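Following: one structure in structure tokens, then a few remarks.
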């Protein structure tokens, strides 16, 4: 399914009230910014002091209010994936955003991939030069939705200090975020084989699972940017072996699969694994 717009929801404009603008400029403290609030939730920026090689580990902490959701990197049938922009004067570059295991939220009205509970997205920054950066200046833009979707933008200026002092709260939040990430593929939990049908309407997967059972795992396949596929047509589980075909909806016009790499996220009980799917 292609991500096009919020056609199924009422969308608020991108304009911010004067009170919101004042909130964006709130002073930061230590390596954890002040919260920026929105009617659907709040968010803040976290960072640890730079390491010797200039690497800075951080996170975007998002707390939706009860009944609200925010989005994964591929959001389903609507929504806004997280976007983070670092000001050039920060002397810092954002190298990577990683995503804890999301939920497939399908209640008959919406079909989304995201988070309905507090989440921290791990971030990796890198200092641009040899000198230690004084602060991270960044803007975060997310979608947060209930019956309507509200674009939520926040600006942060997060001072950085040296690494001599421990920061237990920041370290604990980032450690928990790391644990919430999907596993890498391993011999006991992997996509053993994958094959696209000739008409490119079905993707067949053979998956090795980490434990026995009779419940079909969730499978989320991401293809070209903006495309995500979750509908399983035929599935069979035999203990630790699972086979399924995933319906592939509309793809870009004249899309050539050869040489492309998609990804599969497999969620089986309390464990999840994400792996690339290369098409030769």
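Residue numbers (this note's numbering): 11 to 290. Note that CB positions come from ideal geometry on N, CA and C, so glycine has one too. If you're wondering where the values come from, they're calculated on a predicted model, not measured in any experiment.
Where residue i falls: helix, strand or coil (DSSP)
i: residue 187; result: helix
i: residue 281; result: strand
i: residue 98; result: helix
i: residue 265; result: coil
i: residue 288; result: strand
i: residue 41; result: coil
i: residue 136; result: strand
i: residue 55; result: strand
i: residue 152; result: strand
i: residue 276; result: strand
i: residue 123; result: strand
i: residue 113; result: strand
i: residue 77; result: coil
Exposure of residue i, with buried meaning 16 or more beta-carbon neighbours within 10 Å
i: residue 202; result: exposed
i: residue 208; result: exposed
i: residue 5; result: With the chain represented from 11 up to 290, any question about residue 5 goes unanswered, as that position is not in the structure.
i: residue 125; result: buried
i: residue 58; result: buried
i: residue 185; result: exposed
i: residue 265; result: exposed
i: residue 77; result: exposed
i: residue 112; result: buried
Residue of the options minimising C-alpha distance to residue i
i: residue 52; options: 248, 172, 267 and 162; result: 162
i: residue 227; options: 218, 123 and 235; result: 218
i: residue 261; options: 252, 253, 272 and 83; result: 272
i: residue 214; options: 222, 204 and 138; result: 204
i: residue 41; options: 145, 92 and 134; result: 145
i: residue 212; options: 183, 255, 172 and 235; result: 255
i: residue 152; options: 71, 232, 288 and 98; result: 71
i: residue 136; options: 232, 98 and 274; result: 98
i: residue 123; options: 258, 188, 81 and 233; result: 81
i: residue 65; options: 133, 114, 78 and 91; result: 133
i: residue 168; options: 147, 184, 229 and 187; result: 147
i: residue 181; options: 280, 79 and 55; result: 55
i: residue 223; options: 84, 280 and 86; result: 280
i: residue 252; options: 200, 287 and 258; result: 200
i: residue 278; options: 121, 249 and 104; result: 249
i: residue 104; options: 121, 285, 259 and 138; result: 138
i: residue 92; options: 47, 67 and 164; result: 164
CB-CB length for residue i against residue j, believed under 8 Å
i: residue 73; j: residue 110; result: Not confirmed; about 14 Å, so no contact.
i: residue 289; j: residue 270; result: 5 Å
i: residue 282; j: residue 192; result: 4 Å
i: residue 130; j: residue 50; result: Not confirmed; about 17 Å, so no contact.
i: residue 107; j: residue 90; result: About 14 Å separates the two Cβ atoms, so there is no contact after all.
Inset, instruction - Go through the segment 171-255 residue by residue and report every complete run of the alpha helix (DSSP H) that reaches 4 residues or more, in order. - result: 178-189
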